[in-house]
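Right, one structure below, let's go through it.
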DNA sequence: TCACTTCGGCTACAGACGTAATCGAAGAAT
DNA sequence: ATTCTTCGATTACGTCTGTAGCCGAAGTGA
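Set out below in structure tokens:
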């Protein structure tokens, strides 16, 4: 079954940074979100608020009236987002095949020994 | 700033479709490019021309005056582009680690048996 | 040589995105 | 109650992206 309701509009790069914060500490106020990213991305509160409201519009985050303020929380799972983005890349760049992606990462030395070990473990585990 | 490598202007989604055509058949005229994508993406010649000129501006494709017309050819390697995009995704979504990406793809069933076999082969090969 | 066709080059324009200032209502402080 | 402070909401605006129209120079056929 395909939960055909969400999947609304695409989440932009900047918006994703906000999502990341919310996925990290679920209910948070705009100010708290800013505390978490404003320094890193050199944003100001207004920017964070705009991004938050756009995410609300896109139904990617929900709000809970906490007294007079609002608390924001993600409405979509991080794994869903990440999975979608990953698949989109694989589709667009590698014709939907994951192996070439892996080869590409390997070639550009983006794979650490740890990665290799982990992937091997995963492979072994899937091998049944 | 970091390593301000030239030829760094971002290539957009639509532009990438054009690049893909050029990577496939190196020197091509605008009309030929259109023949290859206009149907698929439902574009018109003007659109292709705009995208081509933007890519020229971005120094992602070069031109060769062929008599009266122009022939376009890519100036950046497909592997470079693909590698860059892949790494960008891995950095943004998985903190630079490839293993989680792999796990993600596995979980979302984006890995075919062929993929697994190929990856295993690659792994074995890198194992020395 | 003179319409007619072909191209590349500018121009256009709406929608998304990044970034942020301003406004107005609700609380807090005095 | 009056003012000060907080927030969310609204508005702003330049850039990038997707899509495409128009224009003028060059080539073609008669």
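Protein chains in written order, with this note's numbering: chain A, 296 to 423; chain B, 296 to 423. Glycine included, C-beta positions come from ideal geometry on N, C-alpha and C.
From the beta-carbon of residue 401(A), the residues of chain B found nearer than 7 Å are 417 and 421.
For residue 344(B), the three-state secondary structure derived from DSSP is helix. Of the candidates 326(A), 332(A) and 406(A), the residue whose Cα lies closest to the Cα of residue 315(A) is 332(A).
Apart from sequence neighbours up to five positions away, the residues of its chain that approach residue 347(A) with a beta-carbon distance below 8 Å are 313, 325, 328, 356 and 367, ordered along the chain.
Residue 334(A) counts as exposed, since fewer than 16 other beta carbons sit within 10 angstroms of its beta carbon. Any Cβ of chain B closer than 8 Å to the Cβ of residue 316(A) would place that residue at the interface, and such an atom is absent. Collapsing the DSSP output to three states places residue 323(B) in a strand. Here DSSP, grouped into helix, strand and coil, assigns residue 362(A) to coil.
Within its own chain, the residues whose Cβ lies closer than 8 Å to the Cβ of residue 320(A), once the five positions on either side in sequence are excluded, are 327 and 331, listed in chain order.
Less than 8 Å divides the Cβ of residue 406(A) from the Cβ of residue 393(B). In the structure shown, residue 390(A) adopts coil according to DSSP, grouped into three states. A distance below 8 Å separates the beta carbons of residue 411(B) and residue 418(A). Within chain A, the residues 392, 393, 394, 395, 397 and 398 have their CB atoms less than 9 Å from the CB of residue 413(B), given in chain order.
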